[in-house]
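For the sequence shown, position 476 (counting from the first letter as 1) is numbered 485 according to my numbering, and the numbering increases by one without interruption. Glycine included, each C-beta is placed from N, C-alpha and C at the ideal position. For reference, the structure is listed below as structure tokens.
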Amino acid sequence: MKGTICLQLMLLLVGISLRASEADSLQTDTMHVDWYVTPDITGETDKLPTFGDMVEKYGQDATSGLEDFSEETSIEIDEPWLALVNITGLTDLPANKTDVRQVWVEVYDGHNHYFRKRAIVKAQGSWSLKFPKRNFACQFCEDDWTGTNTTDIRIGEWVTQDEFHFKAFYTDFSRGIGEVGYKLFRQMVADRAPYWERGGYLVNSKRARCLPDGFPCIVYIEGKFHGLYAWQLKKSRKNMNMAKTEELHIHLDGNLNNTTLFRGSVAWGQFDIRHPKDTYCTDRTKEAILQLSQYHAELSALEASGTDSVGMRQALEERFDIASLLDYDVFYQFVCNCDGSLKNWQWFTYDGRKWMVVPYDLDQTFGVNLYGVVRPAVWDHDPLTEGPFYWVERYYKHDLHLRYAELRQKGVLTTDNILPLMQDWCLRVGEDVYKQERTRWPDSPCYGEAICNTGWKPSTEWSLYKGTPNYNASTKYLAGDKCKLEGRLWEAIQEVSGVRPYLRNSQLDSLQRWEQWVADRLHYLDEQYHLNDVPQKVSPTYQIVGNTMYYNLLGQPVKRPRKGVYIKDGKKVLITQPH
């Protein structure tokens, strides 16, 4: 463990000298660790270290010498470097949403703190349930598994929660790709006001962040190694800094796209109103959602009436937080998010009028698609056009270029900043744990190349992908013919029919590949965003706040303010004459 920490400090001190705009490839400037490429794995899963073995490795006995919080109903710990979690009372994790387990969970944080609690464990996510290693949610209980009386757990700088998500990232070599994405996005928006302030809600929270975060942990079942996971913040009212009783603090989650919401009709069964809940979700809440569904028609009518670009931008800035849209768009393009334009994004408002968006579920990023296949860094990612992004493409294209350039100039979107995010994650996990993970899950798609059926080979001509038809079992393929299947392009090397291209669709991945992809992606986007044509110092040309509503000091909207201090456009103003 000490060696791992020393290596991380050395990385931070030495730094990475390469900038993506200065080179097309990473060579000797970047520190590599050989075992991230092709670890030499031997042995059997039943020989892997147990929970007790790992606790002892930290220098403690599994049953004594620890500060035990098991009797505490409220627990506060620092963020672990690498946590250990042991689940007892089951032999495997739930495989569907109706399978709910009552278990005991032991947690060791690596900092001499331990607790053992009842917990309710259930499946989490949808696509991940198709894999042998699955996500799960874990709610810690103080009662007999009813979930009525739960444990308050505060970790590091996170909000207090009683339930957390544990992400498997089965297709990702690092098992932390999503967490790296969230950390990068937080850096991208660090120069903005908090989302709630932009929405006119001035009750501050130092812990809410409006998107997940996570740290690595090892999960054991009945003491036996099950896998490397990311212990992650879940969606919650506290993390969004929303008031429980406020009917216009609205958070939407699910299938949120032109068909279900943004183009006039609302398919209520396709998405969830995460907040407000129960009796606090009123007619005013639903009216605000219906109003959101009409924004496209309203804007289209304005445009058809001859409203100029200044007027259109003003109308857009009254309805959406443009800064959040631009940040989301740039991030979406950089990480090549394969799953963030129809669902797996969070839409929310703090006044029922102005909406904003943040990413969620980033397992298909940095080139990795749904099946674990890696797309090239020069992939021409389709522009966002769902919802208000249709209007961003029409009226804020230049602003997108400026925002990208600003983040490049500030050092956020650089290899010097981005590469250490993944390197830090990998170093926290360590060589031994990655070897254990590979031993336990040898069929993970990132651990080997594709195994093709006779007559087929993978094709690397990605420029042909979008125009290539899907595989059809009834089609006769001649040598050189191509098809696409499960996110990949395949080429026939002889006449073949009725035989799908692969036995196993996989692609060896590594830290080196990821580093190179980041550098190449930045180089590619520099050209797409015309970085060389942007001034050395840029500033936004849009209104970051632009909210015409007044709010009292509790963040509540006031239609007719009287004398006193109010909030307008995110700033305190003194009203001397009633409106």
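- Restricted to the region 157-223, the beta strand (DSSP E) segments that are unbroken, complete and at least 3 residues in length are 161-164, 172-176, listed in chain order.
- Going by C-alpha positions, THR107 is about 12 angstroms away from PHE145.
- Our two residues, VAL339 and THR374, have alpha carbons roughly 13 angstroms apart in a direct line.
- For the pair GLU85 and GLY223, the Cα-to-Cα distance works out to about 16 angstroms.
- At a Cβ-Cβ threshold of 8 angstroms, MET249 and HIS284 count as neighbours.
- By the neighbour-count definition (other C-beta atoms within 10 Å, threshold 16), PRO478 is an exposed residue.
- Nearest neighbour of LYS56 by Cα position, chosen from TYR480, PHE234, GLU76, turns out to be PHE234.
- In the structure shown, CYS345 falls within a coil segment according to DSSP collapsed to helix, strand and coil.
- In this structure, LEU99 and ILE230 form a Cβ contact; the two beta carbons are roughly 7 angstroms apart against a cut-off of 8 angstroms.
- In this chain, the beta strand (DSSP E) harbouring ILE86 covers 83-86.
- Rounded to whole angstroms, the separation of the alpha carbons of ARG184 and PHE178 is 5 angstroms.
- With contacts defined by Cβ atoms closer than 8 angstroms, VAL168 and ARG127 do not form a contacting pair.
- With distances taken between CA atoms, SER83 lies nearest to GLU151 out of PHE175, GLU151, ASP372.
- Partner residues in a beta bridge of SER79, as assigned by DSSP, do not exist.
- ILE162 and GLY74 have their C-alpha atoms some 22 angstroms from each other.
- The C-beta distance from HIS539 to HIS410 rounds to 6 angstroms, short enough to fall under 8 angstroms.
- Going by C-alpha positions, LEU193 is about 46 angstroms away from LYS485.
- When GLU470, TYR191, TRP499, PRO467 are compared, the shortest CA-CA separation from ASN481 is found for TRP499.
- Residue pairing by DSSP places ARG125 opposite GLU115 in a beta bridge.
- Here ASP262 carries a strand assignment [DSSP, helix/strand/coil].
- Considering only ARG328, ILE331, VAL438, ALA92, the residue with the shortest C-alpha distance to ASN121 is ALA92.
- With a cutoff of 8 angstroms on beta-carbon distance, PHE182 and CYS455 are scored as near each other.
- Shown here, LEU393 sits in coil according to DSSP, grouped into three states, outside any helix or strand.
- In the structure shown, the three-state DSSP call for ARG283 is strand.
- Sequence-distant Cβ neighbours of VAL367 in its own chain, meaning closer than 6 angstroms and more than five residues away, are CYS219, LEU220, GLN355.
- Counting of Cβ neighbours within 10 angstroms places ASP360 among the buried residues, the total reaching 16 or more.
- The beta carbon of SER79 sits closer than 6 angstroms to the beta carbons of PHE124, ARG125 from its chain, once the five residues preceding and following it are set aside; these are given in chain order.
- Inclusion of VAL382 and LEU237 in the CB contact set at 8 angstroms is not warranted, their separation being larger than that value.
- Within the DSSP secondary-structure output, MET431 pairs in no beta bridge.
- Taking all protein chains shown into account, TRP277 has fewer than 16 neighbouring C-beta atoms within 10 Å of its C-beta and is therefore exposed.
- Around the beta carbon of ARG447, a 10 Å sphere encloses 16 or more other beta carbons of the protein chains shown; the residue is thus reported as buried.
- Taking a cut-off of 8 angstroms for Cβ pairs, the region 400-408 and the region 204-211 do not touch, as fewer than three such pairs fall below it.
- For THR97, the enclosing beta strand (DSSP E) has its first and last residue at 92-97.
- Nearest to ASN346 by C-alpha distance, out of LEU379, TRP465, ALA202, is LEU379.
- Within the model, the alpha-carbon separation for ALA488 versus ARG509 is close to 14 angstroms.
- The three-state secondary structure of TYR369, taken from DSSP, is coil.
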